[in-house]
Structures are given as C-alpha cells and as structure tokens.
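Peer 1: Structure provided below as structure tokens; questions to follow.
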Amino acid sequence: MPSAGGILQLKIHDHLEPGDGLLCELKGAANRSAPLAEFFEACGSVSQGTMSKAEVEFFDGESCSVLLIESKKRLGEIPFKDDPPILPLLCQFNCRGTSVSLSVLDKKTLVRTPLFSDISIQTLNYAFMTSLPLFLKRTDLGIRNADFVTKDQMRHFRYAWCFLRKESWMTPVEMGELDALLPP
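Okay, structure coming up:
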C-alpha cells in the first residue's frame, strides 16, 4: 500500500481471451514506486491532451517493468468558429476520438510486449476507475486495503477519480455515491 510499504500488483486481463484472459502481471514495491499516482497522472494527462505518451513504473527488487501508454488522436481538431470559449485556456479538451495502445517494457531486457492496441481513452479510464474502489475494499492481509491509505492520499484519490470522470466526459458522481466507492 502507498503509505505502509508492501507490494502493489497490477493484473491486466482481456476478457475476450480464453481462460482467465490474464495478459500480464506487474508488481512494484510501494516504497520504491508510486504506480497508483502515476496511473492517475498518465490517464489525466492523456485525457487532457497534454501528453501523448505516459509511463507507469513498477520496481520489484531487482526488476523494473514499465506500463507504456501511447495515445493517438483519431479525430481532427475542430476550431471554435461560431462560439469561442469565454476562457480559451480553461476549455475542456475533448478526449473522445483519442485511442491508446498499452504495452509493457522490461527495463532489464528492453523487451516490449504489446497488450492492447487502439482502445479508447475512455475505456482505459473506465477500467482504472472501476478497479480502484474494488482494490481499496479488498482485504489482502485481513485488513481492508483502504485502511493502509492515509487521509491525505484518499483525498487525492477522490479528487483524481472525479477529475478523470469529468475529463472522460462521463456523468458526474454524487457525493453519497463517491463515499460508497472511495471511503472518505
């Protein structure tokens, strides 16, 4: 967990594959890497259009794996012709039409393994946002994972979760629903 050390594990599944569809399993020591924060940063930056490539690092002892996220804009930019925004610097980037490809890079061998190609950024954000509440409610060590997260970290998770929802053009979430998904 972020504040208590331990090992963070990311399993990526493709439910269209036979069996359990496990594509990869990445592990990182929480005291050497911050994959949750990096994933929020990567998804947010790609959704806003400020980055076209992002990395999420997993350090586990001697090895280091990197989840690479590369985006490609599938729709052309549409300029504001008739109705320009009041504050052009604060207008929301339209991430619809942006696709991402995910791959894993083993830093030791430099082998790159493709996982998904050309999926929408909203699909990636939705998968991440739905897995985070499940992760926090799990009891891997007999104690809820959320109990290992500091109040400050949880406040950041809640803000980032709502931000990703907004940037992905999803419906807003009510505070009661947010409290049920991500404990305050």
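Quick note: the sequence shown uses numbering that gives the first Met the number 0, first residue 0, plus one each step.
All C-beta atoms in this analysis are idealised placements derived from N, C-alpha and C, irrespective of residue type, glycine included.
In this text, all values refer to a predicted model and were calculated from it rather than measured experimentally.
Once DSSP output is grouped into helix, strand and coil, what is the label at SER51?
Peer 2: Note: SER51 maps to coil in three-state DSSP.
Peer 1: Unbroken alpha helix (DSSP H) runs of length 4 or more, entirely within the stretch 26 to 71: which are they?
Peer 2: Segments of the alpha helix (DSSP H) lying fully in the stretch 26 to 71: 34 to 47.
Peer 1: Quick one: is THR97 buried, meaning 16 or more other Cβ sit within 10 Å of its Cβ, or exposed?
Peer 2: THR97 should be labelled buried.
Peer 1: Taking its Cβ as the centre, do 16 or more other Cβ atoms sit within 10 Å of MET128, making it buried, or is it exposed?
Peer 2: MET128 comes out buried.
Peer 1: Which of helix, strand or coil does DSSP assign to PRO182?
Peer 2: Correct three-state label for PRO182: coil.
Peer 1: So the alpha helix (DSSP H) ILE120 belongs to, where does it begin and stop?
Peer 2: Element bounds for ILE120: 120 to 136.
Peer 1: Count the other C-beta atoms from every protein chain shown that fall within 10 angstroms of the C-beta of ASN144, then say buried if there are 16 or more, exposed otherwise.
Peer 2: Buried, because 16 or more other Cβ atoms sit within 10 Å of the Cβ of ASN144.
Peer 1: Between the Cα of MET169 and the Cα atoms of PRO113, ARG154, TYR125 and ALA179, which residue gives the shortest distance?
Peer 2: Minimum Cα distance to MET169 is reached at TYR125.
Peer 1: Where does GLU173 sit, in a helix, a strand or coil, going by DSSP?
Peer 2: GLU173 falls in the coil class under three-state DSSP.
Peer 1: Three or more beta-carbon pairs under 8 angstroms between the stretch 105 to 118 and the stretch 29 to 46, yes or no?
Peer 2: Short answer: they don't touch.
Peer 1: Does DSSP put CYS90 in a helix, a strand or coil?
Peer 2: Residue placement at CYS90 cannot be trusted, given a pLDDT of 47 that sits under 50; what the coordinates show is reported in the next sentence. Coil, per DSSP.
Peer 1: Please identify the residue among PRO34, THR108 and CYS161 whose C-alpha is closest to the C-alpha of LEU25.
Peer 2: Nearest of PRO34, THR108 and CYS161 to LEU25, Cα basis: PRO34.
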